[in-house]
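This report concerns only the one structure given below.
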Amino acid sequence: MPKVLISDKMDPRAAQIFRERGVEVDEITGKTKDELIAMIGSYDGLAIRSSTKVTKEVLAAATNLKVVGRAGIGVDNVDIPAASAAGVVVMNTPFGNSITTAEHAIALMFALARQLPEADASTQAGKWEKNRFMGVELTSKTLGLIGAGNIGSIVADRARGLKMKVVAFDPFLTPERAIELGIEKVTLDELLARADFITLHTPLTDSTRNILSAEALAKTKRGVRIINCARGGLIDEVALKAAMDSGQVGGAALDVFVEEPAKASPLFGTPNFVSTPHLGASTTEAQVNVAIQVAEQMADFLMSGGVTNALNMPSLSAEEAPKLKPYMALAERLGSLVGQLEGEITAVAIETEGAAADLNQKPITGAVLAGLMRVYSDTVNMVNAPSLAKERGLDVREIRHDRDGNYSTQVRVTASTPHGDRSVAGTLFADAAPRLVEIFGVKIEADLAGTMLYVVNEDAPGFIGRLGGALGEAGINIGTFHLGRRAAGGEAVLLLSVDSALSEDVLAQVKALPGVKVAKTLRF
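Residues 1 to 524 in this note's numbering are what the sequence shown lists, from first letter to last.
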């Protein structure tokens with residue numbers, strides 16, 4: 001009989017479900033790291049919330065562990081690469097607290113609009129400052145959503161019920177999905193200029209970190225009110241403080257902070273600032289939902305091998321896995337390449353030919369979508385990527401070709417963008433290692449691994465030397481160098497793997513080199 005340890009406080013229904021499914025369960029919470037290491041070796045599964053830290057050391061001691069289940073979305077407390085190396089599946093419950101988080105955002109919007117916390121404190125202090133607290137109505141105001149996924153779409157629905165106009169910035173939101181939600185898709189700059197209230201519902205990634213920077217806040221409508229129940233780090237807190245002091249921002253409500261627990265913040269004490277201690281998922285219903293879901297998912301996996309919402313494992317049968325694994329690695333990297341290079345995508349086509357066309361296409365498609373959307377979501381995986389794409393209205397097509405191509409096997413990913421179709425293709429060499437063979441119409445042979453520099457430039461003598469010199473002066477060592485071009489003297493593409501990350505200053509120097517059209521850092 002499989003044995004599971006519940007190491008964080010969780011709704012009793014979780015343990016009940018484990019036992020009903022034939023899984024032995026122990027509820028032992030509040031243990032230190034060393035205590036957990038001493039006891040974890042006998043367990044097949046570990047059910048956690050946010051308190052337990054599943055580190056390399058814990059995983060090394062967990063000699064029988066097969067699955068870690070996180071009751072909630074975030075898995076920052078799990079070393080996923082180490083878990084993958086140890087053969088441990090990591091699951092989460094990405095949709096269990098969506099309504100609760102959306103409702104908290106709406107609650108904070110009301111609190112900002114009517115200055116409820118300050119009015120409450122004033123009244124309970126024996127004052128009666130009726131004229132001090134002059135609020136605003138939400139009716140007819142414009143709400144700007146940064147992120148229109150699962151939680152953002154619920155907020156949009158509630159806001160429309162309050163007779164607000166909703167505009168949204170989300171690269172994966174299609175016009176058809178926007179119409180279905182009753183909202184207007186806009187650019188980020190347009191959202192900043194029009195919104196009376198802004199609420200964020202996007203994960204923290206390289207592309208969203210400080211999305212509300214000092215520069216962005218300067219573009220907002222004067223007096224805008226801002227709500228963040230998503231992730232700390234989406235807003236530059238120092239810049240927000242300055243914008244509130246100047247009156248550019250009329251109020252802000254944060255449930256999340258760059259550093260948590262937030263014992264100190266530049267925003268504390270600022271008039272019209274509301275803060276809560278990461279309560280987005282803190283309702284009785286949400287806690288029950290995520291506990292039930294994680295128990296059901298883990299029990300299914302331990303008893304029958306079923307995989308749901310796994311962050312490091314696709315949904316595969318034992319027979320398919322060995323054949324599909326290298327193809328999924330190729331597909332994920334091709335999707336990641338397109339996602340990092342193209343900002344707005346409305347449709348994606350996954351084409352296979354040769355040996356790839358004879359395989360199960362769903363895992364390949366899931367891998368492409370996981371790579372594509374990971375730029376914008378830190379909870380996406382090969383299992384839930386297709387549903388997330390459908391949720392955003394992304395048109396996904398699978399195409400098999402019964403023909404002989406230039407390679408014995410090939411996967412091509414074509415994304416539809418406002419600038420036309422963008423296509424990349426890759427193959428597997430004899431060592432089953434993924435290789436890029438074409439990017440946006442340019443033939444190129446390249447690995448896709450680690451940190452890479454992507455450059456589009458005019459093909460002219462001396463450019464490679466200037467680029468190498470600029471990187472050398474910055475102390476950046478080049479690992480591999482891949483070059484392709486459309487024609488002599490035309491447009492060339494460079495892909496360089498580098499041994500260390502490029503700072504914004506170094507990237508700016510590369511962009512300033514004569515002939516450079518595009519320069520961007522990629523991570524695989």
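A virtual CB, placed ideally from N, CA and C, is assigned to each residue, including glycine.
Computed from a predicted model, the values in this text were never measured in an experiment.
Our contact map puts Val294 next to Ala47 with C-beta atoms below 8 Å; I'd like the distance itself, whole angstroms only. 6 Å
Should Arg70 be labelled buried (16 or more other beta-carbon atoms within 10 Å of its own) or exposed? buried
Whole angstroms is fine: what's the gap from Met563's alpha carbon to Leu448's? Absent from the structure is residue 563, since the part of the chain shown begins at 1 and ends at 524.
With Pro12 as the anchor, note down where its alpha helix (DSSP H) starts and where it stops. Pro12 to Glu20
So Ile528 and Thr417 are in contact, right, with Cβ under 8 Å, and what is the actual spacing, rounded? No information on residue 528 is available, as it lies outside the stretch 1 to 524 that the chain covers here.
Phe440 to Leu483, Cα distance in whole Å? 13 Å
Could you name the residues that DSSP lists as bridge partners for Tyr454? Leu495 and Lys520
In the DSSP assignment, what are the bridge partners of Met91? Gly69 and Ala310
Extent of the continuous beta strand (DSSP E) run through Pro386: Looking at the DSSP string, Pro386 is not in any beta strand (DSSP E); the run it does join, the alpha helix (DSSP H), is Ala385 to Glu391.
What residue range is occupied by the uninterrupted alpha helix (DSSP H) comprising Asp505? Glu504 to Lys511
Look at Leu337 and Val424 and say whether their C-beta atoms are less than 8 Å apart. yes
I'd like to know if the region 260 to 277 and the region 223 to 241 are in contact, where contact means that at least 3 CB-CB pairs between them fall below 8 Å. yes
Is the distance from the Cβ of Lys185 to the Cβ of Leu200 below 8 Å? no
Beta strand (DSSP E) runs contained entirely in the region 161 to 216, provided each spans 3 or more residues: 165 to 169 and 197 to 200
Could you compute how far the alpha carbon of Ser42 sits from the alpha carbon of Gly72? 25 Å
Whole-Å CB distance - Asp499 paired with Gly479, under 8 Å assumed: 6 Å
In three-state terms, what does DSSP make of Ala230? coil
Tell me whether Gly335 is buried or exposed, calling it buried when 16 or more other Cβ atoms sit within 10 Å of its Cβ. buried
Roughly how many whole angstroms lie between the Cα atoms of Glu118 and Arg466? 59 Å
Can you tell me which of the three DSSP states Gly465 falls into? helix
Pull up the CB-CB distance for Ile146 and Thr202, whole angstroms please, since I reckon it's below 8 Å. 6 Å
I need the boundaries of the alpha helix (DSSP H) containing Asp300, first residue and last residue. Thr284 to Ser304
Same chain only: Cβ atoms within 7 Å of Gly22, ignoring 5 sequence neighbours per side: Met1 and Met303
Evaluate the contact criterion for the region 323 to 331 versus the region 358 to 370: three or more CB pairs, one atom per stretch, below 8 Å. yes
So the candidates are Lys163, Glu391 and Gly149; which of them puts its Cα closest to the Cα of Glu137? Lys163
Per DSSP, the bridge partner or partners of Gln410: Glu353
Under 8 Å between C-beta atoms of Ser377 and Leu388: yes
Thr429 (DSSP reduced to helix, strand or coil): Per the sequence presented here, residue 429 reads as Phe, with Thr not at that position. Coil, per DSSP.
At which residues does the beta strand (DSSP E) containing Gly144 begin and terminate? Thr142 to Ile146
Would DSSP call Asp26 helix, strand or coil? strand
Residues near Ser153 in its chain [Cβ-Cβ closer than 7 Å; skip 5 each side]: Leu181
What are the boundary residues of the beta strand (DSSP E) that Thr100 is part of? Careful: Thr100 lies outside any beta strand (DSSP E), inside the alpha helix (DSSP H) at Ser98 to Arg114.
Outcome for Asp79 when other beta-carbon atoms lying within 10 angstroms are tallied against a minimum of 16: buried
Proximity to Gly462 [Cα-Cα], best of Val25, Phe481 and Gly515: Gly515
Range covered by the alpha helix (DSSP H) that runs through Lys56: Lys56 to Ala61
Going by other Cβ atoms of all chains shown within 10 Å of its Cβ, with 16 needed for buried, is Gln410 buried or exposed? buried
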